[in-house]
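Since the structure comes first, as structure tokens, the remarks are kept for the end.
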Amino acid sequence: MKKLVDEQANVGEGPVWDPKTQLLYWTDIRSGRLFKFNPSDNSNKTIHSGIFVGGFSVNSQGGLLLGTWRGVMLWESDEKYKWIHFGEFEGETLQFNDCIAGPDGSFYAGTFFDSSIEGKEKLGKLYRFFPNGKIEIVSENHGCSNGMGFSPDLNWFYHTDAAKKTIYRHHYDKKSHEVGESEVWFHYEKEGGTDGMTVDSEGFVWSAIWGGSRIIRIDPSGKIEREILVPAVQTSSLMFGGKELKDIYITTAASPQSKHAYEPNSYLGGSLFLEQQSIKGKPEFESNFSWE
1 MKKLVDEQAN VGEGPVWDPK TQLLYWTDIR SGRLFKFNPS DNSNKTIHSG
51 IFVGGFSVNS QGGLLLGTWR GVMLWESDEK YKWIHFGEFE GETLQFNDCI
101 AGPDGSFYAG TFFDSSIEGK EKLGKLYRFF PNGKIEIVSE NHGCSNGMGF
151 SPDLNWFYHT DAAKKTIYRH HYDKKSHEVG ESEVWFHYEK EGGTDGMTVD
201 SEGFVWSAIW GGSRIIRIDP SGKIEREILV PAVQTSSLMF GGKELKDIYI
251 TTAASPQSKH AYEPNSYLGG SLFLEQQSIK GKPEFESNFS WE
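This is the structure we're talking about:
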């Protein structure tokens with residue numbers, strides 16, 4: 001495993017690979033920075049600074065679609081952006097954590113409980129934003145809505161609740177694009193908990209284990225197939241990239257964000273890492289929101 005860059009990211013998260021540009025985007029949620037990593041020269045540039053960005057997707061009509069701590073924003077630069085939804089929804093603060101685009105171009109964005117926000121409901125929800133302006137609640141009662149992904153055959157939608165160390169799955173109708181009720185698919189029993197995730201081309205789920213210094217690969221039946229150690233305790237998320245989608249980019253977090261009892265002087269994180277395996281990922285879907 002190789003350390004690519006060390007940004008001392010407070011909460012490095014949400015890596016997204018853009019196959020068209022061969023660039024990786026990732027965020028530091030708690031510092032309000034968004035990065036663009038170019039593997040051709042190992043450069044890592046800060047392209048946004050300000051509003052906290054929890055997650056995002058590449059947008060098919062240009063730019064990125066950001067799930068921020070103020071709402072959902074279509075973004076090209078800090079000078080050019082458009083709010084898709086700003087402020088509260090049904091009386092609740094939209095403070096987003098992880099996000100993902102769906103096969104139909106819609107945008108899934110989950111919230112989480114933060115005791116620093118006065119009057120915020122204790123549990124988070126998973127929202128789905130449609131390009132036509134519709135908003136629906138997919139699921140609720142989450143401690144920390146986190147990593148998501150779709151199976152290659154589009155029969156399943158996976159969704160993580162980091163606070164419950166659990167990955168749920170929903171039946172997904174690839175014709176109507178409706179998401180069914182959730183069921184518990186995987187629960188992590190060891191030290192740490194499930195955080196960001198992705199799905200590979202074989203239908204296996206990869207989950208970053210926050211507080212566990214590792215990423216794991218879970219087979220479709222919900223059994224751990226392999227574990228790969230990461231030289232950072234707070235392993236937060238991962239994404240396949242590269243020309244053949246065999247490069248695994250791993251984000252980590254430098255700022256203590258949990259109650260785990262870490263070993264003294266252990267490296268919490270803050271860097272972007274690269275792991276290479278023979279397994280191939282699959283391209284992420286793009287959101288499809290208009291600038292008009």
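Oh and the sequence shown: position 137 is 137 in my numbering, straight run, nothing missing.
Where a beta carbon is used, it is the ideal one built from N, C-alpha and C, also for glycine.
So, are the CB atoms of Ile167 and Phe186 less than 7 Å apart?
-> yes
Which whole-angstrom value is the C-beta distance of Pro59 and Glu284, which I expect to be below 8 Å?
-> The sequence as given places Asn at residue 59; Pro does not occur at that position. The pair is not a contact, with the Cβ atoms about 12 Å apart (cut-off 8 Å).
Can you tell me whether Asn10 is buried or exposed, with buried defined as 16 or more other CB within 10 angstroms of its CB?
-> buried
Would you say Val138 and Val179 are within 7 Å of each other, going by their C-beta atoms?
-> yes
Within 10 angstroms of the Cβ of Ala261, are there 16 or more other Cβ atoms? Answer buried if so, exposed if not.
-> Residue placement at Ala261 is flagged as unreliable, the pLDDT there being 49, under the threshold of 50; the coordinate-derived value follows with that caveat. It counts as exposed.
Got a sec? Which residues, its chain only, sit under 6 Å from Gly193 by beta carbon, not counting five neighbours each side?
-> Correct list, in chain order: Ala162, Lys165 and Trp210.
Bridge partners of Leu229, per DSSP?
-> Arg214
If I'm right that Gly293 touches Thr198 with Cβ under 8 Å, what's the distance once you round it to whole angstroms?
-> What is shown of the chain runs 1 to 292, which leaves residue 293 out entirely.
Using three-state DSSP, classify Ser176 as helix, strand or coil.
-> coil
Under the rule that 16 or more other beta-carbon atoms within 10 Å means buried, what is Trp83, buried or exposed?
-> exposed
Since Lys125 is in the beta strand (DSSP E), which residue starts that stretch and which ends it?
-> Gly124 to Phe129
Nearest-angstrom Cα separation, counted from Glu292 out to Gly222 | Taking the straight line from one Cα to the other gives about 43 Å.
What runs of the alpha helix (DSSP H), each 4 residues or longer, lie entirely inside the stretch 176-209?
-> Within the stretch 176-209, complete alpha helix (DSSP H) segments of at least 4 residues are not found at all.
To which residues does DSSP link Phe96 through a beta bridge?
-> Answer is Thr111, bridged to Phe96.
Among Thr21, Gly14, Gly102 and Ser77, which one has its Cα closest to the Cα of Lys175?
-> Gly102
Whose CA, out of Ser151, Glu13, Asp247 and Gly241, lies closest to the CA of Ser201?
-> Ser201 has its Cα closest to that of Ser151, out of Ser151, Glu13, Asp247 and Gly241.
Short check: CB of Gly71 to CB of Leu94, under 7 Å?
-> yes
So, are the CB atoms of Ala232 and Gln8 less than 7 Å apart?
-> The answer is no: Cβ separation not under 7 Å.
Following the continuous beta strand (DSSP E) through Ile84, name the residue where it begins and the one where it ends.
-> Tyr81 to Phe86
For Phe273, which residues does DSSP report across the bridge?
-> Lys3 and Ile250
Does the beta-carbon of Phe129 have 16 or more other beta-carbons within 10 angstroms, so that it is buried, or is it exposed?
-> Counting the other Cβ atoms within 10 Å of the Cβ of Phe129 gives 16 or more, which makes it buried.
In DSSP terms, what Arg169 is bridged to | Tyr158 and Glu183
Taking buried to mean at least 16 other C-beta atoms within 10 Å of its own C-beta, is Ser266 buried or exposed?
-> exposed
Contact between the stretch 266-277 and the stretch 45-65 (3+ Cβ pairs under 8 Å) = no
Simplified DSSP state of Ser236, which is helix, strand or coil | Three-state DSSP puts Ser236 in a strand.
What first and last residue would you give for the beta strand (DSSP E) that runs through Leu23?
-> Element bounds for Leu23: Leu23 to Asp28.
Can you round the beta-carbon distance between Lys280 and Gln22 to whole angstroms, since I take them to be within the 8 Å contact cut?
-> Contact flag wrong, Cβ pair sits at about 16 Å.
C-alpha distance - Glu140 paired with Ser290, whole-angstrom precision | 28 Å
Output the distance between the C-alpha atoms of Glu317 and Ser236, rounded to the nearest integer angstrom.
-> One cannot answer for residue 317 here, as it falls past the ends of the chain, which runs 1 to 292.
Should Gly87 and Leu74 be called a contact, given that it needs their Cβ atoms to be closer than 7 Å?
-> no
In three-state terms, what does DSSP make of Glu121?
-> Because the pLDDT at Glu121 is just 49, under 50, the model does not fix this residue reliably, and the value given afterwards should be weighed accordingly. Three-state result, Glu121: coil.
Residues that Pro59 bridges to, as DSSP identifies them | One detail in the question is off: residue 59 reads as Asn in this sequence, not Pro. Answer by DSSP bridge pairing, in chain order: Ser287.
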